[in-house]
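Chemist: I'd like to ask some things about the structure below.
2 protein chains.
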Amino acid sequence: MILKAIVRDYTSNGVPVGSKALASQLPMHVSSATVRNEMAALEELGLINKTHSSSGRVPSVKGYRYYVDYLVQPDPVKSNDIDVIKSSLDGQFLKIDEIIELSANILSNLTSYTAFTVKPELKESRLSGFRLVPLGKRQVMAVLVTDNGDVETQTFGVPQGVEGEQLEAVVRLINDQVIGQPLATVLELLQTSIPLQIAHYLQSPDGFLKIFGDVLTKAAQERFFVGGRLNLLNYSDNADVEELKSLYTLLDRSDDMADVLGQTGDAIQVQIGSEITNKILRDYSLITATYSVGGHGKGVIALLGPTRMPYSRMIGLVGAFRQELAKRLMDYYRNFDE
Amino acid sequence: MILKAIVRDYTSNGVPVGSKALASQLPMHVSSATVRNEMAALEELGLINKTHSSSGRVPSVKGYRYYVDYLVQPDPVKSNDIDVIKSSLDGQFLKIDEIIELSANILSNLTSYTAFTVKPELKESRLSGFRLVPLGKRQVMAVLVTDNGDVETQTFGVPQGVEGEQLEAVVRLINDQVIGQPLATVLELLQTSIPLQIAHYLQSPDGFLKIFGDVLTKAAQERFFVGGRLNLLNYSDNADVEELKSLYTLLDRSDDMADVLGQTGDAIQVQIGSEITNKILRDYSLITATYSVGGHGKGVIALLGPTRMPYSRMIGLVGAFRQELAKRLMDYYRNFDE
DNA sequence: TTTAGCACTCAACTTATCCAAGTGCTAAGA
DNA sequence: TCTTAGCACTTGGATAAGTTGAGTGCTAAA
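Order-wise, the sequence lines are chains G and H. Using this note's numbering, the letters of the first sequence correspond one by one to residues 1 to 338. Using this note's numbering, the letters of the second sequence correspond one by one to residues 339 to 676.
Shown next, in the form of structure tokens:
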């Protein structure tokens, strides 16, 4: 298929591909004139474009789309790459956040693009403990633990006039009421019943509620990691400074990125150029995939690169990576549950 | 003085300055020919350069040096800027790390350059508490508190066969031995006497020592913050991608940056272009200053920008900022000590 | 010591020219 | 009907040549 050859050539060379060069690359023997005719047809269909009236052809978004949907087959991952993944991921005994952060880095190194990893959904995880640890004179640390081992802390000063016993009582109350509940539920309760009950023990419960709410929100937040930010400088060749800035700003806004990465089904999904809803990314492509960790929810891994990325290799890599990551995390949790 | 006028003109316009334009700007009435003669003299001294044989003049590093050392006087800070500083810095009750991080951001916003803040030296702070907080089945959080209110935590899994009482005993031991000692001393003890003593209580003390060491190191580490990373893209006009990458990499390597920022005396110090020891920064200028927080040590603030930055304004700003920051932190600690 | 005048230099911009790669189209061949 | 050789045409990009303007150094007069 001609389109396939065009995409492959263009993604690997980055130069508009002409009929003559293409003819020599095709498996069967055809003349450049034949290729030209075919190309004219593909252009008619809107699958390829010319950059100017006498230039070679470049795949359009629609062309990439067709290629990705019907033509591409994932490259088998090079055994070398597999080694890199495996060896980077084991070694020291890592905590879950570290595994996930590390994953973003490995994936970005392997691809020279920018990689994202999102931790398995935490909204579904349950509160398994909340306590206050006195640190000094009037300083206290709030510690929240979830049932999949996440720990969130925050220190704060205790205002004059609040006694240790009062706080103790409140913590006991909280634990009695909400241990074992999903974080989302607890967040709701925090708006409704909890304040009333606390009012029995504390004169001004606002401060305490804020702390508890803060820690809870932090724990419930989807945490996502970015690897290979700097690679952006390589593959966004002709972006001006302002564009780059808004791109980088976007990468740091976790809620916006959640939107971008959120619409992911179970299969590996490829969004190309203008297909991406976020305008800032309209010149790039995004490969997203979920990985599921048994009963512990699903996370997302994603890869951002230029529209002219070698899709076959990238899709292969993302596929292999999500498997490996899922496996590691399953192991991790198995270990932890036991 | 002509040099002063040249520097001022060049830093504000970025274009080599010619004799005619300069003559019209000077306070006294002189002809361009006179200015040309003066310029030739300055060039003889190596204070200014031509970019090509018939271009206007540009200050050399030596020229900037002279300007900064003898000619510049700090601009009084615009009342507007002062407002920005003050209003950004108060508001919510912030923790010390947040104040310092925020400072880097404010300073970078104000200047459109890249700002650094280093927390007052922690090596001198003392250990005021270490404890282990059980979180779940076999998960424990190590908490370390210093006498100026810093808290450092780390969670870890307890291996099978180690009992709670044993750990309790060890923690009690640690607290008896090292509470009140400077962190640096504790780090030394960790190499010498502590392991022997712990051996009484734990069969394999290595794991525990590692945890304690980790937390301790984290707490003793100079923490520094960077604000306005992205501004780098604006003012490093003609740097290629590779240079930018190594710059950004440098910004994230806290030990390298410690070197760069470390050699700072009490006065506001300006390092220009090739004067900076780190090669990567040879096309930039760095303004550094310490701020001292009474008995709580000294921190550093710094500003990285192009060699052709408007030094008078920047020096003024850094000066004002360090005062304000010192004041805030004094307040903070006063509050905390009480 | 300052300044007017003048010849000279050079980067940056504009035009002109050429070239290679590529296209569309036509007409002949399988 | 599909393929292909041939050919005129288009176009971006690279190179060369001309133009301009800001700026310089130097000389000689005030």
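Quick reminder that beta carbons are idealized off the backbone N, C-alpha and C, glycines included. Note that this is a predicted model, so its numbers are computed, not measured.
(1) Return the residues of the stretch 466-482 of chain H that lie within a Cβ-Cβ distance of less than 7 Å from chain G, sorted by chain order.
(2) What residues in its chain sit with their C-beta under 7 Å from that of H/Q519, if we drop five residues either side in the sequence?
(3) Just to confirm, are G/L303 and G/V318 a CB contact at a threshold of 8 Å?
(4) Within 8 Å of any Cβ in chain H, is that where the Cβ of G/L102 sits?
(5) Count the other CB atoms within 10 Å of the CB of H/A658; is the residue buried (16 or more) or exposed (fewer)?
(6) On the criterion of 16 or more Cβ atoms from any shown chain inside 10 Å, does G/R172 qualify as buried, or is it exposed?
(7) Let me check understanding here. Comparing Cα to Cα, which of G/F130, G/Y67, G/R229, G/A220 lies closest to G/T111?
(8) With contact counted as at least three CB pairs below 8 Å, one residue from each stretch, are the stretch 253-261 of chain G and the stretch 218-233 of chain G in contact?
(9) Does the ligand NAP have a heavy atom nearer than 7 Å to the CB of G/L247?
(10) Comparing the C-beta of H/K583 with each C-beta of chain G, is any distance below 8 Å?
(11) Answer with buried or exposed for G/G262, where buried requires no fewer than 16 other C-beta atoms within 10 angstroms of its C-beta.
(12) Residues in its own chain within less than 7 Å of H/R646 by CB, not counting five upstream and five downstream?
(13) Out of curiosity, what's the CA-to-CA distance linking G/S55 and G/D97?
(14) Tell me, please, whether the CB atom of H/T530 is closer than 8 Å to any CB atom in chain G?
(15) Do the stretch 204-217 of chain G and the stretch 284-300 of chain G touch if we need at least three Cβ pairs shorter than 8 Å?
(16) Could you tell me the boundaries of the alpha helix (DSSP H) in which G/G213 lies?
(17) Quick check on the DSSP output: what are the complete alpha helix (DSSP H) runs of length 4 or more inside the stretch 263-334 of chain G, in order along the chain?
(18) Alpha carbon to alpha carbon, how far is G/G159 from G/P205?
(19) Does the contact criterion of 3 or more C-beta pairs under 8 Å hold for the stretch 664-671 of chain H versus the stretch 371-386 of chain H?
(20) Measure from the alpha carbon of G/N109 to the alpha carbon of each residue in G/V118, G/I82, G/V133, G/E124, then state which is nearest.
(21) Please classify H/R374: does DSSP put it in a helix, a strand, or coil?
(22) Compare the Cα-Cα distances from H/I639 to each of H/Q541, H/S650, H/R660, H/K388 and report the closest residue.
(23) With a cut-off of 8 Å, does the C-beta of G/G228 fall near any C-beta of chain H?
(24) Assuming contact is defined by CB atoms lying nearer than 8 Å, are G/F130 and G/I174 in contact in what I supplied?
(25) Measuring only the C-alpha atoms, how far is G/Y311 from G/P120?
(26) Can the beta-carbon of H/V410 be found less than 8 Å from the beta-carbon of G/M141?
(27) Between G/N105, G/A41, G/I2, G/Q191, which lies nearest to G/L22 when the distance is taken from Cα to Cα?
(28) Compute the Euclidean distance between the alpha carbons of G/D259 and G/K298, then round it to the nearest angstrom.
(29) Bridge partners for G/I48 per DSSP, in chain order?
(30) Run the CB neighbour count on G/Y70, radius 10 Å, all protein chains shown included, and call it buried at 16 or more, exposed below.
(31) Closer than 7 Å by beta-carbon distance: list the chain G residues that pair up with H/V489, in chain order.
(32) Tell me, which residues are paired with G/Q139 by DSSP?
(33) Output needed in chain order: residues of the stretch 104-116 of chain G with a Cβ under 7 Å from some Cβ in chain H.
(34) Report yes if the C-beta distance between H/V713 and G/L189 is below 8 Å; otherwise report no.
(35) When you compare each of H/N673, H/T602, H/R651, H/D604 to H/V415 by their alpha carbons, which one comes out closest?
(36) Give the straight-line distance between the Cα atoms of G/Y248 and H/V524, rounded to the nearest whole angstrom.
Modeler: Reading off the structure:
(1) Identification of residues in the stretch 466-482 of chain H having a C-beta nearer than 7 Å to some C-beta of chain G yields S466, G467, V471, L473, G474, Q477, M479, V481, given in sequence order.
(2) Excluding residues within five positions, the ones whose Cβ falls inside 7 Å are R464, L465.
(3) Less than 8 Å separates the beta-carbon of G/L303 from that of G/V318.
(4) Chain H places no beta carbon closer than 8 Å to that of G/L102, leaving this residue out of the contacts.
(5) buried
(6) exposed
(7) The residue from G/F130, G/Y67, G/R229, G/A220 with its alpha-carbon nearest to that of G/T111 is G/R229.
(8) Touching, yes, given that three or more Cβ pairs across the two stretches are closer than 8 Å.
(9) The ligand NAP is absent from the structure shown, which contains no ligand whatsoever.
(10) yes
(11) exposed
(12) Only Y348, T349, G352 meet the Cβ criterion.
(13) Straight-line Cα distance between these residues: approximately 49 Å.
(14) No, H/T530 lies away from the interface with chain G (no Cβ there is under 8 Å from its Cβ).
(15) no
(16) Looking at the DSSP string, the run of the alpha helix (DSSP H) that includes G/G213 is 206-220.
(17) none
(18) Correcting the residue identity first, residue 159 of chain G is Pro in this sequence and not Gly. Each residue's Cα considered, the two are about 11 Å apart.
(19) no
(20) The shortest Cα separation from G/N109 among G/V118, G/I82, G/V133, G/E124 belongs to G/I82.
(21) helix
(22) H/R660
(23) no
(24) With respect to G/I174, G/F130 sits close: the two C-beta atoms are nearer than 8 Å.
(25) Rounded to whole angstroms, G/Y311 and G/P120 show a C-alpha spacing of 26 Å.
(26) no
(27) G/I2
(28) 16 Å
(29) G/P59
(30) exposed
(31) Near H/V489 (Cβ distances below 7 Å), the residues of chain G are L135, M141, T155.
(32) Residue pairing for G/Q139: DSSP places it in a beta bridge opposite G/G157.
(33) none
(34) With chain H running from 339 to 676 in the structure shown, residue 713 of chain H is simply not present.
(35) H/R651
(36) 41 Å
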